[in-house]
Amino acid sequence: MKALIVDDEKHVRDAIRLLVEWERYGIDEVFEAPEGESAVRIIEAERPEIIFTDMRMPVMSGVELLEWIHRHQPQAKTIVISGHDDFDFVRHTVKYGGMDYILKPIDEGELNEALAKAVQSWHKENEARKQNQIRSIEINRIKPAYWDKLFSGLIEEAGKYESFAEHFEREFRVAARPETGRTAVMSIDTLPRFIRDKFGSHLDLLFFSLTNIANEVLQRDRSGYAFRHWNSPHELVVVCWHSPETLEDRIRGINEGIRFVLGGSLDAGIGTMQPFPGGLKDSYREALAALRQRNLLQTPGRMLHYGAGQPQRFVPLPFSRFEADFRSALLSAREDQIESVTDQWIAAIEPLGSITAEQMELWNHEYTVFKSRCIGEFLPDEESASPLVPQDADSPIFPLDDSGRLSLRLLRDEVARDLIRLSVMLAKLAQRERNIIRDIADYIERHYHEEMTLQHISDRFYLSREYISRRFKQEFGENISDYIARVRIEKAKQLLLSPNLRIAQIAEIIGYQDEKYFSKVFKKMVGQSPNEYRKKHERTGE
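FYI, in the UniProt record's numbering the residues of the sequence shown are 1 to 542.
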């Protein structure tokens, strides 16, 4: 902390320096000024937290200095030290925030007590200032997210408007509720690849840039608001309520800004004008429908107007038509077969001439189901939700070239790579599972004489009982309890060749505590009782 002593008498300034325990109060720098004007210059340069001042000084008096501090450095704490017991001086001190009024000659105890109170007050107020600053920063940080959420709700359910109508009108300086509104949907699905690569997985930062650019255009005439749709990771939605008939011009302006800042542009679907806010839901759906019908094989940046021209004809080409071939190639684990089938699928797509976002979404869904079905068939405990193109949940879903068009070549390469990875994963997991099941069989071979239950094996190998039962039967053709019994009976056969061991002893050795139960199991599996088996082999000498 810093302190300033202002007094035209040097011996008074020296006395204050000597009487105050500066370190005790955390003050490590002390400045001096002989009158008010010099004090102002020091205050502007050093920003002291504590100021001691006399009231009667040449050039600029203490009263004038207090007024200046109150206007320009109000967070500073002032302590007046005066030789005059003047009511007007005291009144000015209180009026302009002085902490104390001390009369000369100065009393050491009184001076330190006043300073302690001033320092404590400054720290308390400074902490409050910091908390207010933190709150202000936090409010400014979450404000866009707040409005994104409200507008996302508004285009889904107009009734939500009443809950924040007053706030909306105040925030966007709308004198009265707008009569009409119109929406546009701009999708990052077809943002040029080099822009997406620049942001990588930081999709939040990309949308922060896009919404800032869009709102800079919209705020010029307070015509609307652009926000990230909370229910769709790829949509930038524009709601226009001032001159909504000119929304197309604003979208062009937004795209100009995006091109200038990022070097690309966005496709946009535009809805019709509707009552505000009740019709925004319909306008949004119109805009989204127009956007989903755009031809992804065309160069992006062309705005799509609702109802303008004929919608793109949906040409079904089910992925399932190629599913059997993809399945065979996947299980072969051969890269050449996987690539060959992928080439056949792309060759069937190429003549279409038009592929809409709706068509791509269907293929993504079919491809995901196909992969899940393959994994579920061969590795029932594994799960897959991989879409047509490997991606993070928040990444754009279409493989695009540098211009932002859907690239069939990139689509072919990414699907082939994904299936090759999947075939390798299936092979590795299948081998791993076979190894685990064989480990269980080895464990049974070595511990057949111990108490052996499915739950015991489940706990030891950290696998579910259902999974062990299913996979064990797939691998060995019999359930695990029959396998345990067969191992034990095979061991019993060997022990029965020794005439020195009684049947009861053999039963106990192989893990059966009940001789009768052992005999029952043995006869069921061998067709003879243990005694019959022993006598037969004694006669044959085997």
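Note that the Cβ used here is the ideal one computed from N, Cα and C, for glycine as well. Nothing here was measured: the structure is a model prediction, and the numbers come from that model.
Judged by their CB atoms, PRO244 and MET273 are nearer to each other than the 9 Å cut-off. Only buried fits LYS371, as 16 or more other CB atoms lie within 10 angstroms of its CB.
Measuring C-alpha to C-alpha distances from ASP439 to each of PRO277, ARG460, LEU422 and LYS428 identifies ARG460 as the nearest. Every beta strand (DSSP E) stretch that sits fully inside the UniProt domain "Response regulatory" (2-119) and reaches 3 residues is listed by chain position as 2-6, 29-33, 50-53, 77-82 and 98-103. The beta carbons of ILE188 and LEU266 sit about 7 Å from each other, so the pair counts as a contact at 8 Å. Under the DSSP definition of a beta bridge, ASP267 partners with SER187. Around CYS374, the same chain offers ARG327 and LEU330 as residues with beta carbons nearer than 7 Å, after the five sequence neighbours per side are excluded. Between the stretch 421-437 and the stretch 331-344 there are three or more C-beta pairs closer than 8 Å, enough to call the two in contact. Per DSSP, the continuous alpha helix (DSSP H) segment holding GLU166 begins and ends at 165-171.
Contact between VAL415 and THR356 does not hold, since their C-beta atoms are separated by about 18 Å, which reaches or exceeds 8 Å.
The criterion of a C-beta distance shorter than 9 Å is satisfied by ASP7 and PRO34. Per DSSP, the unbroken beta strand (DSSP E) holding PHE227 starts and ends at 224-228. PRO105 and HIS70 have their alpha carbons spaced roughly 26 Å apart. Around the beta carbon of GLU235, 16 or more other beta carbons sit within 10 angstroms, so the residue counts as buried. Judged by DSSP secondary structure, LEU236 falls within the beta strand (DSSP E) whose first and last residues are 235-240. Assigned with DSSP and collapsed to three states, PRO144 falls in helix. In this structure, ILE102 keeps its C-beta atom at 9 Å or more from the C-beta atom of VAL12. Between the stretch 243-259 and the stretch 151-162, the count of Cβ pairs shorter than 8 Å is below three; the stretches do not touch.
Going by DSSP, MET525 is part of the alpha helix (DSSP H) stretching over 515-526.
Residue pairing from DSSP places PRO275 in a beta bridge opposite THR180. ARG412 is the residue among ARG412, PHE398, GLY376 and ASP336 whose C-alpha sits nearest the C-alpha of GLU350. Between the stretch 172-186 and the stretch 275-288, the count of C-beta pairs closer than 8 Å reaches three or more; the two stretches touch. In the DSSP annotation of this structure, the continuous segment of the alpha helix (DSSP H) that includes HIS456 starts and ends at 454-461. LEU297 and ASN215 have their C-alpha atoms spaced approximately 29 Å apart. The count of Cβ pairs closer than 8 Å, one atom from the stretch 104-124 and one from the stretch 56-71, stays below three, leaving the stretches out of contact.
For ARG193, the closest of ARG488, ARG91 and SER407 by C-alpha to C-alpha distance is SER407.
In chain order, SER152 and GLU156 place their CB closer than 8 Å to the CB of ASN231, counting only its own chain and leaving out the 5 sequence neighbours on each side.
Distance from TYR462 to ARG488 at the Cβ level is roughly 25 Å; contact not present, criterion being Cβ atoms closer than 8 Å. In this structure, the CA atom of GLU339 is about 55 Å from the CA atom of LYS493. If you look at GLY511, you'll find it isn't in any alpha helix (DSSP H); DSSP assigns it neither H nor E.
Of GLU286, LEU210 and ASN295, the smallest CA-CA separation from PHE260 is found for LEU210. Excluding the 5 residues flanking it on each side, ILE510 has same chain C-beta neighbours closer than 6 Å at HIS449, ARG488, LYS491 and ALA492, in chain order. Closest option to GLU64, judged by alpha-carbon separation, among ALA145, TYR96 and PHE476: TYR96. Of the other Cβ atoms in all chains shown, fewer than 16 fall within 10 Å of the Cβ of GLY376; this residue is therefore exposed. In this structure, the alpha-carbon of GLY83 lies about 19 Å from that of LEU4. Straight through space, the alpha carbons of TYR161 and ASP54 are spaced by roughly 59 Å.
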